[in-house]
Every structure is written in C-alpha cells, then in structure tokens.
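K.L.:
Residue numbers (this note's numbering), protein chains in the order written: chain A, 1 to 299; chain B, 1001 to 1236.
First the structure, then my questions, so here it is.
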C-alpha cells in the first residue's frame, strides 16, 4: 500500500517541516508499518549536507571512520550523529564521488543523501519512533516529502525504505506509492547512460529517471509529463528538488493522492486524514488528482 | 425504560471498532438519530449496518469504505469521504456533502448514494443496482463494468466512461472526455428526463434533464465475435 506525504511553504524558510512530516506520516501508519522516512529541505547552503546511515553496532567507530573518509575527500565543516544517522557538512561533494568514496572506505556506511538543501532520514518502524531516534520534529525548512512503507517489491530494510535519493544528483529525492513494472527495462536504459543504483527497489528508478531529464535541461513539468508514459505500472509519486515538489499519478488513477493549498503552503498526502493533521479548517477542501495528472510547486 | 432516540458518539480517542460498536449499541437501544463527532477522515465507519429508519451523521470527513455494505440506514457525511464509499451496499441511502474518492458506490446492489461534489476514478464500478448521483465531476472509468442501476453525473466525466458496461444507464450533464469500450450514446426520452428529475429533486439540484447525455451498453461485448477482434483488443 504505502503512504506518501509532502509539504511546501510558499514563502517561509523556517517552516516546521519536521513536525509536519512526522504528524502526517503517523496518520498514514496503517498504509505502511514497515518503515518510514523523510527528505527535509532547508535553505540551500554554499556547501553540502551529507546523511550517512551507519549499519554497524560500533556506531562511534563507524562515525569516526566516515569523518576521516570525508576529510580525505573534501573540507569537513561539521559533523553530528543521532542514533545511526551521521550528518556531515562539507565544502563540496568531490565532483559527485563523495558518496562512493565514503562507502568504499567504511564498511557498513551507506550515504542516503547529499545536497545543498536536502537531508534524508529513514528507518524501520513508525514515524513517531523515528522522530524519537533522530529528533526530526525540531527541523525547519522550506519543503519536505515523507513516506510510510508497506514493502511489496523488495526487502524490508532501511536502505530500501523511502525517500530515495537520485544518486549522485544533489537534492533530488522521491517517495512513491505503487509498483513500477518496467523497472528492469528502465534501470538498464539508465545504467547504459552511466547512472548507478544503490538498491534493488523499483521506486529508486523514478528518482534517477527524473534527475536524468533535469540534468539534460528539461523542465520539471516536462519530466513529470514524460513519466506518465514512460513509467509502466501503478504510481502516485512526489519528486522533490531544492526548489520544490512535483507529483504525478498514473493513467489508471490507481494510487490515491490529494493536496490542499492555501496562501502559505501546499500539503500533499495519500489520504485526507493525513492532510487534516495540519489543516483543521473544515472550509479547506483537499482535491484528489485525476488520472495522468501532474502538478508542481517551485520557488 | 424509554427508548433513546438521539445519541452522540465521539470518535476522538476511540478505535474504529469501538466507534462502530457504539453506533450499533445506540441502534440496539432504539436511537434513530446518531451523530458521530470528530471522524477526521478515519476509515471504515458505519459499515454493515442493517437497520432502516436510522439517521447517522458524521460531523466531518471520513476515510475509506465509509458505510460499506450498508443495509438500511440513512448515512450522511458533512465533509469528504475516501475511496470505496458504500461499497456493496444493499439498501439505504448515503449523502456526502463534499467530495468522494475512487470506487464510490462500487458494486452496490441497491439503495442510493449521493455525492454533492466530485468523485475520483471508477465511480459506480460493477454496480449491480441502486443509484449514484454526483453533483460535480466524476473521474476516470466511471461506470466500469456496471451491470445494473443508474448513475447521474451533473458535471463532467473523465476518460473511459462506462467502459465494458453490461447494463444500466449513465446520464451526464456536462462533457464526456471519452467513452470506454462498448459504451454508446442513446437518445434521451421523456421517461429518461423524468427519471433524472426524480433522482435530482431530493438533492435540490436544478438541472435541465434535456441537456444530459445518456450512455448505455452497446452490447457488443456480451458475446465474443471473431468478426470484431478490434473491439475486444480495446477492452481491458
């Protein structure tokens, strides 16, 4: 099943996006009890923020090894750790190779995100539990997307949880509800163009597919519209960049997706119950996307 | 002891089953007016109730499968509903003041469902009787494989209207983006206009029945024909 959520502030740089994502994802727990995750976007910095998952019992040692690996690749500005998520602030991403350099140097290290504005945190269990582990509620920013996962196409583990980073493209992430049935064909096509994949999850291909088009100079609108025809299967997905959020729904309108909008923000979710976690104004009516519909909100 | 005729069930802090049991207990105690407070879009409320003459009002939006398998009560939602509204309903009435999600009135056999605003995809899918009236627009493939019953759409219909319908009738007041396989337009008759008027009247919708388009099955998919392979290729 899976649940997807998103929030986009039209003006604010310090919107309570962490709190919003936790509350909204919690309302969609029954859609995805396996795992939950968020991609949070703050005001873009001149450097990069890196989020590394440490899949090891010796977290302090693993974190120290990642810090050394990062320092060898670029100038490290800051580092901090909450549970198994290590957060680094660095000057650059070593020409797109930083994730590979860290993972090659440190066993058990998995780079979940690199971006000027984006940070991905995900783990097994409910969003409220993940919030306790990683203190997401206090995080502020411009926009965010979130996910609760009920695994159908690949294993239940943290790396296969959403959101997926469009590695190595900074700041691009996706959350998806559905199944991409031409996943292998699309993945092969993108791999032939030089792209690589971190997991065997079909949703990851959406992120790389869109990033590939944006890199080629296409607009987000064009990329979203092309995805309706190029992606086979069932999908409602949210794609996020440093500038905002786009979405698309498949030709059969199989997976639900609604949004509500006022002068300050846009809220998106699989179900109204999640939107109502933020909007309690009964006068504000969420709208459901139609089949093949795409939308985006950019700053 | 005098029968209780009106009761309020507050859904806040209660599990879905607790709410539904409270509704059933109120009906068993003789309540004929039940108000459910704080539904906030939660799912599977008021399912499988079979007592006629009971009016249940939800004070806000409800989630999926609201009033599923309804067997008698008049259920009213003062907000939007999720998908599967009234699925497999046998009798009774459902009024939604807002929008409804996908699969509205799926497989109903009887009774009537009214949605004041729009519905999502596949409204009235596999209907086997009853009526569905939509005040606004309907989504993709509305009336897909319907077998009996009547759908009235006051707004526009999205692509694939009436795809592979066996029987039943769909009336559309607005535009039809496209019809599905074997869904044909038929000429409106005086009886059709009367039926539309009768179905819209209780909802105080003032529409001109003569402006509606009537869609019924072309019956070409009832039997497989080797002479019309293209028709079958286009059917899902």
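We treat Cβ as the ideally placed atom computed from N, Cα and C, and that holds for glycine.
The structure presented is a predicted model; accordingly, all values stated were derived computationally and were not measured.
With 8 Å set as the bound, which would you pick, yes or no: does the beta-carbon of residue 1065 of chain B sit closer than that to a beta-carbon of chain A?
P.N.:
Not closer than 8 Å to any Cβ of chain A, the Cβ of residue 1065 of chain B fails to qualify, so no.
K.L.:
Restricting to Cα atoms, I'd like to know which of B/1140, B/1125 and B/1016 is closest to residue 1147 of chain B.
P.N.:
It is B/1125.
K.L.:
Please go through the same chain and pick out, in chain order, the residues whose beta-carbon is closer than 8 Å to the beta-carbon of residue 1001 of chain B, but skip the five residues on each side of it.
P.N.:
Note that residue 1001 of chain B has pLDDT 47, beneath the 50 cutoff, so the model's placement of it is unreliable and the number below is only indicative. Hits under 8 Å: none found.
K.L.:
State the Cα-Cα distance for the pair residue 22 of chain A and residue 126 of chain A, rounded to the nearest angstrom.
P.N.:
Looking at the two C-alpha atoms, the distance is approximately 9 Å.
K.L.:
Give me the chain A residues within the contact set of residue 1106 of chain B, using Cβ-Cβ distance strictly less than 9 Å, ordered along the chain.
P.N.:
Correct list: empty, because the minimum Cβ distance to chain A is about 14 Å.
K.L.:
Give me the Cβ distance between residue 87 of chain A and residue 49 of chain A, rounded to the nearest whole Å; I'm assuming they're in contact under 8 Å.
P.N.:
Contact holds; Cβ gap of about 7 Å.
K.L.:
Three Cβ pairs or more, each shorter than 8 Å: is that satisfied between the stretch 1147-1167 of chain B and the stretch 1024-1038 of chain B?
P.N.:
Judged by Cβ distances under 8 Å, the stretch 1147-1167 of chain B makes no contact with the stretch 1024-1038 of chain B, as fewer than three pairs qualify.
K.L.:
Would you say residue 274 of chain A and residue 3 of chain A are within 8 Å of each other, going by their C-beta atoms?
P.N.:
Yes, these two residues count as a Cβ contact at 8 Å.
K.L.:
Report yes if the C-beta distance between residue 1076 of chain B and residue 1057 of chain B is below 8 Å; otherwise report no.
P.N.:
Result yes, Cβ atoms of residue 1076 of chain B and residue 1057 of chain B sit closer than 8 Å.
K.L.:
Under a CB-based cut-off of 8 Å, is residue 1153 of chain B close to chain A?
P.N.:
Not an interface residue.
K.L.:
Could you check what DSSP says for residue 41 of chain A in three-state terms: helix, strand or coil?
P.N.:
Strand at residue 41 of chain A.
K.L.:
Starting from the N-terminal side, write out each stretch of the beta strand (DSSP E) that is 3 residues or longer and does not extend beyond the stretch 151-196 of chain A.
P.N.:
DSSP runs (the beta strand (DSSP E)) wholly in the stretch 151-196 of chain A: 173-180.
K.L.:
Nearest-angstrom Cα distance between residue 1087 of chain B and residue 46 of chain A?
P.N.:
So the alpha carbons of these two residues sit roughly 54 Å apart.
K.L.:
What are the start and end residues of the alpha helix (DSSP H) that includes residue 81 of chain A?
P.N.:
That residue, residue 81 of chain A, is in no alpha helix (DSSP H); its beta strand (DSSP E) goes 76-82.
K.L.:
Is there at least one Cβ from chain B nearer than 8 Å to residue 29 of chain A's Cβ?
P.N.:
Chain B, which has no Cβ nearer than 8 Å to the Cβ of residue 29 of chain A, makes this no.
K.L.:
Taking DSSP's pairing of strands, which residues face residue 143 of chain A in a bridge?
P.N.:
A/8 and A/41.
K.L.:
Cβ atoms of residue 1037 of chain B and residue 1010 of chain B: under 8 Å apart, would you say?
P.N.:
Yes, the pair counts as a contact, with Cβ atoms nearer than the cut-off.
K.L.:
Among A/12, A/24 and A/10, whose alpha-carbon lies nearest the alpha-carbon of residue 279 of chain A?
P.N.:
The shortest C-alpha separation from residue 279 of chain A is found at A/24.
K.L.:
Excluding the 5 residues flanking residue 200 of chain A on each side, which residues of the same chain have their C-beta closer than 6 Å to its C-beta?
P.N.:
The answer, listed in chain order, is 154.
K.L.:
Could one say the Cβ of residue 1042 of chain B lies closer than 8 Å to chain A's Cβ atoms, at least one of them?
P.N.:
So, interface residue.
K.L.:
Does the structure place the stretch 1198-1217 of chain B close enough to the stretch 1171-1189 of chain B that three or more beta carbon pairs sit under 8 Å?
P.N.:
Output reads yes: the stretch 1198-1217 of chain B touches the stretch 1171-1189 of chain B.
K.L.:
Tell me which residues share the same chain as residue 1103 of chain B and place their Cβ nearer than 7 Å to its Cβ, disregarding the 5 neighbours each side in the sequence.
P.N.:
Result list for residue 1103 of chain B: 1083, 1084, 1087, 1122 and 1125, in chain order.
K.L.:
Looking at C-alpha atoms only, which residue of B/1230, B/1128, B/1139 and B/1041 is the closest neighbour of residue 1178 of chain B?
P.N.:
For the residues B/1230, B/1128, B/1139 and B/1041, the minimum Cα distance to residue 1178 of chain B belongs to B/1139.
K.L.:
Under 8 Å between beta-carbons, which chain A residues line up against residue 1192 of chain B? List them in chain order, please.
P.N.:
Per Cβ cutoff of 8 Å: no residues; residue 1192 of chain B is ~28 Å from chain A at best.
K.L.:
State the Cα-Cα distance for the pair residue 173 of chain A and residue 68 of chain A, rounded to the nearest angstrom.
P.N.:
When rounded, the distance between both Cα atoms is 27 Å.
K.L.:
Is DSSP giving residue 1087 of chain B helix, strand or coil here?
P.N.:
Reduced to three states, the DSSP call for residue 1087 of chain B is coil.
K.L.:
Report the partner residues of residue 1074 of chain B according to the DSSP bridge assignment.
P.N.:
Answer is B/1055 and B/1093.
K.L.:
Establish whether the CB of residue 1210 of chain B and some CB of chain A are separated by less than 8 Å.
P.N.:
It does not; no Cβ of chain A falls within 8 Å.
K.L.:
If contacts are defined as beta-carbon pairs under 8 Å, then residue 98 of chain A and residue 114 of chain A qualify, I think. What distance do you get, rounded to the angstrom?
P.N.:
Correct: roughly 6 Å between the Cβ atoms.
K.L.:
Report the rounded CA-to-CA distance for residue 298 of chain A versus residue 44 of chain A, giving the unit in angstroms.
P.N.:
Cα-Cα distance, rounded: 14 Å.
K.L.:
Would you report the Cα separation of residue 145 of chain A and residue 72 of chain A, rounded to the nearest angstrom?
P.N.:
So the two alpha carbons sit approximately 32 Å from each other.
K.L.:
Verify the CB distance criterion: does residue 179 of chain A have a CB-CB separation below 8 Å to chain B?
P.N.:
Taking Cβ atoms only, chain B never reaches closer than 8 Å to residue 179 of chain A, which makes this a no.
K.L.:
Spatial neighbours of residue 1050 of chain B within its chain, please: CB distance less than 7 Å, with the 5 preceding and 5 following residues excluded, ordered by chain position.
P.N.:
Counting only Cβ-Cβ distances below 7 Å, and skipping sequence neighbours, we find 1071 and 1072.
K.L.:
What span of residues does the beta strand (DSSP E) with residue 67 of chain A cover, start to end?
P.N.:
Counting along the chain, residue 67 of chain A falls outside any beta strand (DSSP E), though it belongs to the alpha helix (DSSP H) covering 59-73.
K.L.:
Check the DSSP bridge columns for residue 1171 of chain B and list the partner residues they point to.
P.N.:
Partner(s): B/1152 and B/1214.
K.L.:
Going along the chain, which residues of the stretch 1066-1078 of chain B sit with their C-beta nearer than 7 Å to a C-beta in chain A?
P.N.:
Result list empty, no residue passes.
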